[in-house]
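*Asks:* Quick one: structure below, then a few questions.
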Ligand code: GDP
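Residue numbers (the UniProt record's numbering): 2 to 363.
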């Protein structure tokens, strides 16, 4: 699965957010084939296109795309030196593909702040520092290993050592590895290190119900994110956890009362999905309408391989129509009559929202 880790200092609302996500998400018993740890939640990716495809294709069932969120507790100042859950925390975070950094932007005297006051800039700095220090530790060890192996003249190890030294120097200036200009080969070389500051990152600003506007804490987070080119999702986790408890019809009513079209969680999920570099294509037939998750840049055979490896191996063509055309021409029949279906070959790079039939040899 594709995992987005939720990190942040204690008492910023990580668990509240995570519980809201899993509460409204999928029950673990629907996924008997995967072992789900308590801190991992599978959520459905909200996608209005799926409802429309279901109306048009009238299938027996509809299956949305999913992704995983991981609640990573235990990051405190000094974690990189083994404070708190230290190493455990760092091991958890290395395993995720992207990071959602929750920042406290609400004032509440009843909720203790670890540093004594709500201060997003300082909170963000603490987390950045811990992750960067842990990465420097990892890189320093790797430089030593590569150095030993490079002595025998191993070209690969010499190249690795040089890249690692650049990475270390970059970290040493206080910058995350994701901001370092590395080419494709260099990225492949350092990938096994699972560096935390190399992972795509976004911010989740957790505000009060009244804190969506005129909130200096929020402005601070926005400013920092802007400099880094990172996205910010603004939510009130406490409110989301209440919304997540409601039945579907109550939910709709409540959301319209507060003037929202969808729960804030939907924005969190979609931002996480995009952060992971994921996109969706659809299969739509009488038996089922289904959203499939692929990486941006996947070719048609790679996309077919997500359904079944046989589809990839025996790939012939992808009968493809865009969601926009499928929608506009009232479904498969109409889109075919309008000449909107294309036959795409092995080299075709998938677009988000493609509706596809794969043709393949078995
Ligand atoms: P974590 O340590 O980051 O996982 O934080 P928790 O989710 O356990 O939240 C810590 C405390 O802050 C709990 O008492 C929550 O009810 C409270 N809290 C979480 N989100 C909000 C929020 O949006 N507004 C307010 N006022 N309190 C919140």
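Where a beta carbon is used, it is the ideal one built from N, C-alpha and C, also for glycine. All figures in this text were calculated on a predicted structure; none of them were measured in a lab.
1. Could you check whether residue 64 and residue 291 sit closer than 7 angstroms to each other, using their CB atoms as the reference points?
2. Would you check whether ligand 1 has a heavy atom nearer than 6 angstroms to the C-beta of residue 109?
3. How long is the line joining the alpha carbons of residue 16 and residue 8, rounded to whole angstroms?
4. DSSP puts residue 202 in a beta bridge; with which residues?
5. At what residue ranges does the region 185 to 239 contain a whole run of the beta strand (DSSP E), taking only runs of 3 or more?
6. Taking 7 angstroms as the threshold (C-beta atoms), are residue 273 and residue 5 in contact?
7. Should residue 11 be counted as a contact of ligand 1 given a C-beta to heavy atom distance under 6 angstroms?
8. Taking all protein chains shown into account, do 16 or more other C-beta atoms lie within 10 angstroms of the C-beta of residue 33, making it buried, or fewer, making it exposed?
9. Sort 81, 160 and 112 by Cα distance to residue 130 and report the nearest one.
10. Using C-beta distances below 6 angstroms, list every residue in its chain close to residue 345, excluding the 5 sequence neighbours before and after it, in chain order.
11. When you compare each of 62, 22, 20 and 93 to residue 288 by their alpha carbons, which one comes out closest?
12. My output table needs one value for residue 129: the three-state DSSP class, helix, strand or coil.
13. For residue 154, count the other beta carbons within 10 Å of its own beta carbon; 16 or more makes it buried, fewer makes it exposed. Which is it?
14. How about residue 216 and residue 238: do their beta carbons lie closer than 7 angstroms?
15. Using DSSP with H/G/I as helix, E/B as strand and the rest coil, what is residue 310?
16. Within this structure, are the beta carbons of residue 164 and residue 145 separated by less than 7 angstroms?
17. Kindly provide the ranges of any beta strand (DSSP E) runs that are 3 or more residues long and lie completely inside the region 244 to 327, ordered along the chain.
18. Under the three-state reduction of DSSP, which class applies to residue 45: helix, strand or coil?
19. CA-CA distance, residue 328 and residue 236?
20. For residue 194, tell me which candidate among 138, 185, 201 and 152 has the shortest Cα-Cα distance.
21. Compute the Euclidean distance between the alpha carbons of residue 325 and residue 149, then round it to the nearest angstrom.
22. Going straight from the alpha carbon of residue 323 to that of residue 233, what length do you get?
23. Does the beta-carbon of residue 119, which I'm using as the reference point, lie nearer than 6 angstroms to any heavy atom of ligand 1?
24. So the candidates are 58, 54, 173 and 69; which of them puts its Cα closest to the Cα of residue 19?
25. When the Cα atoms are used, what is the spatial distance from residue 218 to residue 246?
26. Please report the straight-line C-alpha distance between residue 358 and residue 282, rounded to a whole angstrom.
27. Rounded to whole angstroms, what is the Cα-Cα separation between residue 79 and residue 229?
28. Thinking C-alpha only, which one of 112, 97, 74 and 88 is nearest residue 103?
29. State buried or exposed for residue 162, treating a residue as buried only when at least 16 other CB atoms are found within 10 Å of its CB.
30. Please classify residue 244 as buried or exposed, where buried requires at least 16 other C-beta atoms within 10 Å of its C-beta.
31. For chain D, find out if any of its Cβ atoms is closer than 7 angstroms to the Cβ of residue 2; answer yes or no.
32. For residue 347, does the three-state DSSP call read helix, strand or coil?
33. Identify whether residue 59 lies in helix, strand or coil by the three-state DSSP scheme.
34. Provide the residue span of the beta strand (DSSP E) that contains residue 352, from first to last.
35. Please state whether DSSP places residue 33 in a helix, a strand or coil.
36. Should residue 195 be listed as close to ligand 1, given that the test is whether its C-beta is under 6 angstroms from any heavy atom?
*Replies:* So, from the data block:
1. At a Cβ-Cβ threshold of 7 angstroms, residue 291 and residue 64 count as neighbours.
2. yes
3. 10 angstroms
4. 100
5. Counting only runs of 3 or more, we get 202 to 207 and 233 to 236.
6. Closer than 7 angstroms, so yes.
7. yes
8. Any reading at residue 33 must be qualified, since the residue scores a pLDDT of 49, below 50, and its modelled position is unreliable; the value itself is stated next. Residue 33 should be labelled exposed.
9. 81
10. 301, 319 and 321
11. 62
12. Three-state DSSP puts residue 129 in a helix.
13. exposed
14. no
15. In the three-state scheme derived from DSSP, where H, G and I count as helix and E and B as strand, residue 310 is classed as helix.
16. no
17. 279 to 285, 289 to 296 and 316 to 322
18. strand
19. 31 angstroms
20. Nearest in C-alpha terms to residue 194, of all of 138, 185, 201 and 152, is 138.
21. Computed Cα separation, rounded: 57 angstroms.
22. 29 angstroms
23. no
24. Closest by alpha carbon: 69.
25. Distance from the CA atom of residue 218 to the CA atom of residue 246, rounded to whole angstroms, is 28 angstroms.
26. 11 angstroms
27. 24 angstroms
28. 74
29. buried
30. buried
31. The structure shown contains no chain D; it is built from a single protein chain.
32. Reduced to three states, the DSSP call for residue 347 is coil.
33. Residue 59 sits in coil when the DSSP states are folded into three classes, being neither helix nor strand.
34. That residue, residue 352, is in no beta strand (DSSP E); it is neither H nor E in DSSP.
35. Unreliable placement is indicated for residue 33, whose pLDDT of 49 sits below 50; the coordinate value is still reported in the next sentence. Residue 33 falls in the coil class under three-state DSSP.
36. Answer for residue 195: no, Cβ out of range of ligand 1.
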